[in-house]
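Engineer: Take a look at this one; I'll ask things after.
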Amino acid sequence: MKRTNLFGCMIAAAAMLMSMAACQETGPEGDGTGNGNEGDGGESASYSIALSDPLDAEIILNSEDTETFKIGLKTDLTEDQLSISETTGADWCSATITDNADSIRIIPGANPSEEDITAEFKVEGVGVEVTPLTFKVTRRGTNTEPVVEISADGITVDEYGGRVYKIPAAQNTLTVTVTTNMARWYLTEMNQVFDENYNPIEWYTVDKTSGRSGETATIVFSENTGTTDRMVNLTFDYEPDSYMGQSIMVTQSAAPATYAKVTLDYGSSYLEETSYEVNFGKDDTGMMGSFDFDLDKDGSVDIKFVKPGTVEVDETATDWITISSMYGYSIVPTANTTGADRAVDMIITPTGSDEVLFRFIITQAGA
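Pasting the structure below:
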């Protein structure tokens, strides 16, 4: 039977433990992690430089903007480990790293020229390896034509070429994406809902009234529990307090009406009937040949041209007859050159319903 040398084994085990401890002592602090800083025999540290707001990669200034401003910087380096330089040779704009490397201060100069000018900057490490960061500052020239464009789901165009957004009485949200070639866009509101003392009534909220190209404005409209429609005009432009930019007329319906009463002359009594015949001559046309009436209702209504005696929409009716509600209500025909009589009904219903509250029975002579 073979004997084991116990003392020799103990000496060998102690030597192994000392060797393992020595292997772990790397790095200046000897923290036992095994990860050293660059140049101390361990792995290289990883650094990064980034903009707090990615939109700052391409900054746009209007021709008259000369105020100093800052943009946010995200980095794990100190100011002494960073440098910034202008790489395009432009001398109208300068930039410095400040606030303990939390931001970049940009000092723009004027642009007296008609054309756009651009300065490009690079932020890089000093004595450390890090991927450089670049960004541009462009100042628009005095000859640059401002452009503002908007887009949103649910927007339609009315007969006058204006953008409209029609929504039911329930709470609704509109998100508008705004693009512009100028420094910022601005939202101007024209609320058309007032109390009895002509003070504006707050019935919607806006998350942002100014932003940069590509950003959105979200407008939330509260439920309309009243008996009348509500309207607000939203205008987006490249300068504040402007009503000349891209506009959206928002109309929110009241709760669906339960009645619709028609009067033919201002101040006269309502018609007792729920239908009325309107007969146009063959040459009646436009507002001069229109049939006018006023309408009293306790909520929102739809006005539709339908096939006589039905609630089926007549898709061809608007080829020769329309309804105008600019001042009161007007049924507006065009001259009949077909040689044959034509007929259509116009019904007034609660919004979203086929229940007929009132029916106009309309004919136009052909000869």
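In numbering that gives the first Met the number 0, the protein residues as written are 0 to 366.
For each residue, glycine too, the CB sits at the ideal point set by N, CA and C.
#1: Measuring straight from C-alpha to C-alpha, what distance separates residue 335 and residue 365?
#2: Quick one: Cα of residue 86 to Cα of residue 157, how far?
#3: Which whole-angstrom value describes the C-beta separation of residue 141 and residue 212, a residue pair presumed to lie in contact below a C-beta threshold of 8 Å?
#4: List the whole-angstrom C-beta distance separating residue 134 from residue 55, where the pair is believed to meet the contact cut-off of C-beta under 8 Å.
#5: Nearest-angstrom Cα distance between residue 193 and residue 231?
#6: Do residue 138 and residue 408 count as a contact pair if the criterion is CB distance below 8 Å?
#7: With a cut-off of 8 Å, do at least 3 Cβ pairs link the stretch 248–256 to the stretch 213–232?
#8: Residue 317: which of 326, 327, 325, 306 sits nearest, CA to CA?
#9: Are the CB atoms of residue 300 and residue 348 nearer to each other than 8 Å?
#10: Near residue 302, what residues of its chain come up, given a Cβ to Cβ distance below 7 Å and the 5 sequence neighbours on each side ignored?
#11: What does the Cβ neighbour count give for residue 359, buried or exposed, with the cut at 16 atoms within 10 Å?
#12: What residues in its chain sit with their C-beta under 6 Å from that of residue 73, if we drop five residues either side in the sequence?
#13: With a 10 Å radius around its C-beta and 16 neighbouring C-beta atoms as the bar for buried, classify residue 292 as buried or exposed.
#14: Could you work out which residue in 122, 159, 310 is closest to residue 46 when comparing CA atoms only?
#15: Taking the beta strand (DSSP E) that residue 199 belongs to, which residues open and close that run?
#16: Within this structure, are the beta carbons of residue 109 and residue 143 separated by less than 8 Å?
#17: The beta strand (DSSP E) spanning residue 213 covers which residue range?
#18: When the distance is taken between beta carbons, is residue 218 closer than 8 Å to residue 176?
#19: Inspect the beta-carbon positions of residue 261 and residue 361 and report whether they are closer than 8 Å.
#20: Taking contact to mean at least 3 C-beta pairs separated by less than 8 Å, is the stretch 177–185 in contact with the stretch 264–271?
#21: Can you name, in chain order, every residue of its own chain whose Cβ lies under 6 Å from the Cβ of residue 206, other than the five neighbours on each side?
#22: Taking its Cβ as the centre, do 16 or more other Cβ atoms sit within 10 Å of residue 332, making it buried, or is it exposed?
#23: Would you mind sorting residue 107 into buried or exposed? The rule is 16 or more other CB atoms within 10 Å of its CB.
#24: Does residue 314 come out as helix, strand or coil in the three-state DSSP assignment?
#25: Express the C-alpha separation of residue 84 and residue 130 in angstroms, rounding to a whole number.
#26: For residue 79, count neighbouring C-beta atoms within 10 Å of its own C-beta (all shown protein chains included) and say buried if the count is 16 or more, exposed if not.
#27: Checking the sheet assignment: what are the DSSP bridge partners for residue 122?
#28: Less than 8 Å separating the beta-carbons of residue 70 and residue 93?
#29: Do you know whose CA, among 244, 151, 311, lies nearest residue 214's CA?
#30: Just to confirm before moving on: does the CB-CB distance between residue 242 and residue 189 stay below 8 Å?
#31: My assumption, with CB atoms under 8 Å, is that residue 259 sits in contact with residue 225. Please give the rounded CB distance.
#32: Between the Cα of residue 304 and those of 296, 298, 314, 297, spot the shortest distance and give me the residue it belongs to.
#33: If we ignore side chains and look at the alpha-carbon of each, how far apart do residue 255 and residue 168 end up?
Structural biologist: So, from the data block:
#1: 6 Å
#2: 50 Å
#3: In fact, because the Cβ distance is near 20 Å, the residues do not count as touching under 8 Å.
#4: 6 Å
#5: 11 Å
#6: Any property of residue 408 remains undetermined from this structure, which presents the chain solely from 0 to 366.
#7: yes
#8: 306
#9: yes
#10: 322, 345, 347
#11: buried
#12: 49, 51
#13: buried
#14: 122
#15: Here residue 199 belongs to no beta strand (DSSP E), and DSSP marks it neither H nor E.
#16: no
#17: Run containing residue 213: none; DSSP gives neither H nor E here.
#18: no
#19: no
#20: no
#21: 217
#22: buried
#23: buried
#24: coil
#25: 15 Å
#26: exposed
#27: 83, 132
#28: no
#29: 151
#30: yes
#31: Not a contact, Cβ separation roughly 17 Å.
#32: 314
#33: 8 Å
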